[in-house]
Amino acid sequence: GNSSLSGGGTFTSGDLRVLGGSTVSGNTASDEGGGIFSIASLPAKLVVTNSTISGNTAVDNGGGISAFDGHTEITASLITGNQTQSNAGGISTVVEGGGGGSLIITSSTISSNDAGLSGIGNGGGIFNDNDSVTINFSTISGNDAANDGGGIFTRGVPNTNATLDVQNSAFFDNRAGVIDGIGNSEDGGDGGAISNDGDTVMLSNVTISRNSAATEGGGLYQGGTSSASMLVINVTLFSNTAQVGSNIFT
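Numbering of the sequence shown is given in my numbering, commencing with residue 698 and proceeding in unit increments.
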């Protein structure tokens, strides 16, 4: 594997397409984006199709992928076994300022990624900071976060484009409050599957099972600012565990 400050595997400030059975694996970033680091203004686009992003490491955000602004599309791909000392074991997506970017994940698997190996970190699978995220026909499983959001941690600033929309997907075996496989007894953790801190979250036709949080919301956790909202339609929650609110904490 390769190593660099940001984008251990690939650094892009424009359009990048990772296609046709490609693999980005075993790379290291001393800052962000162990596998791929993308920093681009709209309408630049990062596209990952039928590919694998695995076994990459970053000190800061995004063990697998770190994307700032722009559009990111992930289709029929596997994001697995990536890790970070901070947030976003698998994917970090951040929009600075007034919003306007997007992350679209379709028919993909986000699995076995770790955030917060230093002891502090959110979003084992995905960390969303003020972006518009859409997930469809995908699986988020077996991801760990030292603090909040074993599967997904999402937050947004009021009056921006920040949303999380998940449809026809499944969350299972994600854990919040786990550091390198060991429970975080000092800080705990909220939201085994999803932790929402001020974002607008919509879930439709989703199964949430066997997720755990060390503190609150084994399945779903909603906290943070008064701008946080969650709409749940035809969602099945079972066998999730937490000290308070095994399935849902609001």
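Ideal Cβ positions, reconstructed from N, Cα and C, are used throughout, including at glycine.
All figures in this text were calculated on a predicted structure; none of them were measured in a lab.
Could you check whether residue j and residue i sit closer than 8 Å to each other, using their CB atoms as the reference points?
i	j	result
ALA842	GLY778	no
GLY717	ASN747	yes
ILE891	LEU917	yes
ASP786	ALA812	Note that residue 786 corresponds to Gly in the displayed sequence, not to Asp. Cβ distance < 8 Å, so GLY786 and ALA812 count as in contact.
GLY949	ALA939	Since the first and last residues shown for the chain are 698 and 947, residue 949 lies out of range.
ILE849	GLY895	no
ASP936	VAL903	Inspection of the sequence shows that residue 936 is occupied by Ser rather than by Asp. Contact: no.
ILE817	ILE807	no
ALA910	GLY874	yes
SER783	ASN758	yes
VAL1000	ILE832	Any property of residue 1000 remains undetermined from this structure, which presents the chain solely from 698 to 947.
SER735	THR769	yes
SER901	PHE869	no
GLY798	GLY761	no
ASN724	GLY711	no
GLY846	ASN908	no
ILE776	ASN810	yes
THR790	ASP728	no
THR912	VAL932	no
GLY920	ASN944	no
LEU743	THR720	no
ASN871	SER838	yes
SER835	THR860	no
LEU934	ILE876	no
Please classify residue i: does DSSP put it in a helix, a strand, or coil?
i	result
ILE807	strand
SER751	strand
SER829	strand
LEU713	strand
LEU814	coil
ASP845	coil
VAL745	strand
ALA737	coil
VAL875	strand
Over the uninterrupted beta strand (DSSP E) stretch that includes residue i, give me the two end residues.
i	result
ASN865	860-869
SER838	836-838
SER719	No beta strand (DSSP E) contains SER719, which DSSP labels as neither H nor E.
Runs of beta strand (DSSP E) wholly within the stretch 878-947 (minimum 3 residues, chain order): Within the stretch 878-947, the complete beta strand (DSSP E) runs of at least 3 residues are 891-894, 897-906, 917-920, 926-935.
Runs of beta strand (DSSP E) lying entirely within the stretch 758-808, each at least 3 residues, in chain order: Within the stretch 758-808, the complete beta strand (DSSP E) segments of 3 residues or longer fall at 762-765, 768-772, 775-777, 788-791, 799-803, 806-808, listed in chain order.
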